[in-house]
């Protein structure tokens, strides 16, 4: 019968190996484990706190049935010259599980629950780890992924603002196709001139007072006028609606810590300071392996941008305590539109139907 114990997670990891192993010097890694001389380390979803762990010492390789019970399974081989124990990365023994005798073993690691509270400190366990070991003579020291359905620690090609090109901008040609053109070429300049006509009508004094109005009035002037004419409460509500659309478009609305921000916003709580007083939210987004940053085209005659960063800005720029209701609405709409890139008409259509269509 498998015996479960609690292991202490520290800095997203715990280790299994001989005492004193250099756990900061791995030779290969996967998305659940990394291996080195005398150890295997585990990548957890939680940052700090307890997790459930079971060790099974077997005589030979087990059957592979039961895969569906686990969200990730990886396998590697390690050799130790002393008993194998469970430790934190600094070498502190972390459980009361019986040590495994020294030797060379294949280690098959299973995990589930890593996406549940990723990046959080917990006081109650929410992740399970099963480790099976059996003697082996294989010379292969690499990590093999046998099964994976979770998102934690996924290997992804990521982008940031250094990835953006300055060599072109996007416009729609006469056929309605999105094309790239030189940023200072005649096609781009013609689009900018058209946008700067603000739909053929000068900005109202209230719109003129909101600097970002000039960047969105040319996209759909009737919609901007409806925002301008709305009551302050409706303007605030529209800002919240735009933030939700931006998060959804960027694929981050269901990430737990970002979902909590939306819930707090809807409840009327003050802005989360991590989004305006520091780079904490941006850094956390960059480090969350569940989030893939994507480049989108940008608005007409504008440079491409990172979609997820614009979603964060839709929240932060609209939630400044000093922002007027109209400013919040315009800022949220502007940055939400950026998350759509050249597909921004989809956001405008949704605003008419889902928000202003209810008036």
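In our numbering, the protein residues as written are 1047 to 1405.
Glycine included, C-beta positions come from ideal geometry on N, C-alpha and C.
- With a cutoff of 9 Å on beta-carbon distance, residue 1237 and residue 1379 are scored as not near each other.
- In this structure residue 1354 is buried. Its beta-carbon is surrounded by 16 or more other beta-carbon atoms within 10 angstroms.
- By the Cβ rule, the stretch 1091-1104 counts as touching the stretch 1158-1175, because three or more pairs are nearer than 8 Å.
- With the rule of 3 Cβ pairs closer than 8 Å, the stretch 1314-1333 counts as touching the stretch 1350-1364.
- Contact check for residue 1085 and residue 1061: beta-carbon distance about 5 Å, within the 8 Å limit, so the pair qualifies.
- Cβ contact annotation for residue 1240 (same chain, cutoff 8 Å, sequence separation greater than five): 1264, in chain order.
- Within the stretch 1050-1095, the runs of beta strand (DSSP E) that reach at least 3 residues and sit entirely inside it are, in chain order, 1050-1055, 1059-1063, 1079-1082, 1085-1089.
- A distance below 8 Å between beta-carbons, with the five flanking residues on each side excluded, links residue 1072 to the following residues of its chain, in chain order: 1080, 1081, 1082, 1087.
- For residue 1284, the number of other beta carbons within 10 angstroms of its own is at least 16, and it is reported as buried.
- Within the stretch 1254-1335, the runs of alpha helix (DSSP H) that reach at least 4 residues and sit entirely inside it are, in chain order, 1259-1262, 1267-1275, 1278-1295, 1302-1312, 1326-1333.
- Per DSSP, the continuous alpha helix (DSSP H) segment holding residue 1386 begins and ends at 1371-1386.
- A straight line joining the alpha-carbon of residue 1196 with that of residue 1160 spans about 7 Å.
- In this structure, the straight-line span from the alpha carbon of residue 1279 to that of residue 1377 is close to 16 Å.
- CA-CA distance, residue 1313 to residue 1287, rounds to 13 Å.
- DSSP places residue 1353 outside any beta strand (DSSP E); the residue lies instead in the alpha helix (DSSP H), whose first and last residues are 1353-1364.
- With a cutoff of 9 Å on beta-carbon distance, residue 1127 and residue 1151 are scored as not near each other.
- For the 9 Å CB-CB criterion, residue 1260 and residue 1385 do not form a contact.
- Counted as a single uninterrupted DSSP element, the beta strand (DSSP E) harbouring residue 1218 occupies residues 1215-1218.
- Between residue 1180 and residue 1108, the gap from beta carbon to beta carbon is short of 9 Å.
- In the structure shown, residue 1252 adopts helical secondary structure according to DSSP, grouped into three states.
- Annotated as proximal: residue 1116 and residue 1193, with beta-carbon spacing under 9 Å.
- If you compare the alpha carbons of 1113, 1145, 1274 with that of residue 1102, the shortest gap goes to 1145.
- A direct Cα-Cα distance of roughly 22 Å separates residue 1394 from residue 1255.
- Shortest Cα-Cα distance from residue 1200 to any of 1341, 1370, 1389, 1337 involves 1337.
- For residue 1346, the secondary structure class from DSSP, reduced to helix, strand or coil, is coil.
- Residue state for residue 1234 is assigned as helix, using DSSP reduced to three classes.
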